[in-house]
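Numbering (this note's numbering), first residue to last: 4 to 619. By construction, the Cβ of each residue, glycine as well, lies at the ideal position given by its N, Cα and C atoms.
As structure tokens, this is what we get:
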């Protein structure tokens, strides 16, 4: 038979198959096969990633790239099949099955296996630069090695006149060591990620991220919420600038000047290190459990057990025994790990925590609750098919643990579990507590907004590589009220955004903005369910089975429903709203208004203030 005739027969058979009417049985059979294969491949992919992040060896890096290629090929194969089925469905197919098919078609994997492998390698290399970089500095002829988490971040938390030079140095050298190396890798990554996204029907890779939220006008919705919170942020910013000026005595912190970023941390997203300097009523007891935990000789396991007790007290699941056996909660001798804490779902109830840099501190106490919130979510939706085993949207996953932390950190709860003593509960202690919360929650919102606003513009092609840094600082000045602390040359080579973990690791960051708003809606709804009366910043749902049931009902859905429906199950509304977070901080906002009126300092900042005067 002639080759041309063979080709025609094969083509006709393909067309017949592609246009075959798909029945309910066909759809179920397809999804059964897909879920079996997806579960196996997702497990292998997660194991490879886990092995690399706990031991950043060349061998483990190669394995992550190999598995990523298989995942990309699998995703493309089943995307094409699912699209054909959706076009040819005949009969009444349950909406949950249609939703699974549509989610299968939503992929950004490259159709070119070599390019998929290269994308994985670029991300591994950027993550490695972030995680492995050590700054070498000679002091009095002796060589010292400075790591980010162990040395640079603690150094930058000591905001004193005599330490300002060291803070500027740490801020600068981290960006020179990591950002400049990561920039060419990121430029190539953007090119390949955009190509893959467009092959799959998206405008660009940022469009792929935004489609995950299943709402129109996402960018406008998020910016509107930020603008609703911005008056409170500006009041906090003004108070912070006033206190820094009083503490450091530098004229550049007067008026409507921008705040040099190094005074607010490595990236300026969390100002809690300034609390002792800013505390409104320092003679009052300050809620901090670090000392009590150390006094009791707590171990890392004790932190995990305390977090587990809270979740169990509201009727959620205990951690499986394998969680304690397989998690990494301390540094390994002779191995380099990704220090950044993360929770892991390897399937079939195999859940783990990676937190090798954990210590006994209030910060880690909160982080453990946050990460265990992810793990409870994994356990709640483990019965779901593959496409539904994730959060209703990425922000939901981040919000669960933080919602619990809002209950955990109130002084009344810490007293009830014996970690805090001597609180009177008066208005001054209340303002101290709310300010400390705001230095973490409110200060974070503009930063969590600009990370992805910057990346969306990069992926769209609106910002070219030579202007990466220029645009980054335009956003920082406009939304954060911050500026570069020093003059630097070669701006076109700089890549300050790429010195942040989630950019180097390519983790979408809007989830954290949404979580920071959503957790207050969750908290308010759960407090109401628990029977709490009064201010929400004084509510703990500890031991409330009623609140736990309501939370479980939402968690068990996974991604079975669009997120507005999941939100309605818990909070009785389908809309993300700033009302709950503003209500929570209203007593602090009133106090900030009174303090500024009494002391006469300015509100807001001048975007054009780019004088990079050295702080002395």
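Could you check the C-alpha separation between residue i and residue j for me, to the nearest Å?
i, j, result
"residue 512", "residue 452", "8 Å"
"residue 253", "residue 149", "28 Å"
"residue 456", "residue 475", "9 Å"
"residue 668", "residue 442", "Look at the range of the chain in this structure, 4 to 619, and you will see that residue 668 is not part of it."
"residue 297", "residue 417", "15 Å"
"residue 48", "residue 113", "16 Å"
"residue 61", "residue 227", "45 Å"
"residue 129", "residue 136", "11 Å"
"residue 289", "residue 432", "7 Å"
"residue 302", "residue 293", "12 Å"
"residue 102", "residue 563", "8 Å"
"residue 275", "residue 73", "43 Å"
"residue 519", "residue 93", "43 Å"
"residue 232", "residue 108", "36 Å"
"residue 198", "residue 207", "7 Å"
"residue 438", "residue 141", "39 Å"
"residue 169", "residue 42", "49 Å"
"residue 14", "residue 38", "Only weak support exists for where residue 14 lies, its pLDDT of 38 falling under 50; the value from the coordinates is given anyway. Approximately 29 Å, taken between the alpha carbons."
"residue 144", "residue 138", "16 Å"
"residue 477", "residue 111", "29 Å"
"residue 427", "residue 468", "55 Å"
"residue 76", "residue 611", "49 Å"
"residue 536", "residue 448", "28 Å"
"residue 590", "residue 598", "12 Å"
"residue 369", "residue 230", "28 Å"
Can you tell me which of the options puts its alpha carbon nearest to the alpha carbon of residue i?
i, options, result
"residue 581", "404, 240, 545 and 224", "224"
"residue 572", "532, 194 and 543", "532"
"residue 167", "382, 247 and 79", "247"
"residue 463", "605, 201 and 272", "201"
"residue 387", "115, 558 and 324", "558"
"residue 380", "272, 548, 577 and 401", "401"
"residue 325", "316, 300, 337 and 352", "352"
"residue 472", "482, 493 and 221", "493"
"residue 216", "65, 602, 395 and 242", "395"
"residue 446", "436, 280, 604 and 235", "235"
"residue 268", "250, 160 and 611", "160"
"residue 542", "534, 172 and 285", "534"
"residue 569", "398, 256, 173 and 29", "398"
"residue 332", "316, 84, 358 and 320", "358"
"residue 181", "205, 165, 157 and 132", "132"
"residue 56", "528, 508 and 529", "508"
Here's a check: name, in chain order, each residue in its chain whose Cβ is nearer than 6 Å to the Cβ of residue i, leaving out the five neighbours to either side.
i, result
"residue 16", "With a pLDDT of only 40 at residue 16, under the threshold of 50, the placement of this residue in the model should not be trusted, and no figure is reported."
"residue 466", "460 and 474"
"residue 106", "390"
"residue 12", "With a pLDDT of only 39 at residue 12, under the threshold of 50, the placement of this residue in the model should not be trusted; the figure read from the coordinates follows. Cβ neighbours of residue 12 beyond the five flanking positions: none."
"residue 196", "208"
"residue 242", "595"
Could you tell me how far apart the beta carbons of residue i and residue j are, in whole angstroms, since I believe they sit closer than 8 Å?
i, j, result
"residue 347", "residue 354", "7 Å"
"residue 454", "residue 506", "7 Å"
"residue 607", "residue 259", "6 Å"
"residue 34", "residue 125", "Between residue 125 and residue 34 the Cβ distance is about 33 Å, and since that is not below 8 Å, they are no contact."
"residue 382", "residue 551", "Rounded, the Cβ-Cβ distance is 13 Å, inconsistent with contact."
"residue 450", "residue 271", "6 Å"
"residue 88", "residue 30", "6 Å"
Give every residue of the same chain whose Cβ lies closer than 7 Å to the Cβ of residue i, excluding the five residues on either side of it in the sequence, and list them in chain order.
i, result
"residue 371", "306, 307 and 310"
"residue 328", "none"
"residue 375", "310, 311, 314 and 404"
"residue 484", "240, 261, 262 and 608"
"residue 409", "522 and 526"
Whose C-beta lies closer than 8 Å to the C-beta of residue i among residues of the same chain, with five residues either side of it excluded?
i, result
"residue 349", "46, 49, 50, 53 and 355"
"residue 174", "159, 264, 265, 269, 488 and 489"
Q: Can you check the segment 509-592 for any alpha helix (DSSP H) of at least 4 residues that lies completely inside it and give the ranges in chain order?
A: 513-533, 548-558, 566-574 and 582-587, all fully within the segment 509-592.
Q: Output the residue ranges of the beta strand (DSSP E) runs that lie fully inside the segment 126-161 and measure 3 residues or longer, sorted by chain position.
A: Runs found: 137-142 and 145-150.
Q: Would you mind listing the beta strand (DSSP E) stretches within the segment 330-386 that are 3+ residues and don't spill past its ends, in chain order?
A: Secondary structure within the segment 330-386: the beta strand (DSSP E) runs of 3 or more consecutive residues, fully enclosed, are 345-348 and 354-357 (chain order).
Q) Where are the alpha helix (DSSP H) runs, 4 residues long or more, that stay fully inside the segment 158-209, in chain order? A) Fully enclosed alpha helix (DSSP H) runs of 4 or longer: 167-177 and 183-202.
**Q.** Entirely enclosed beta strand (DSSP E) segments - the segment 389-423, minimum 3 residues
**A.** Whole beta strand (DSSP E) segments, 3+ residues: zero.
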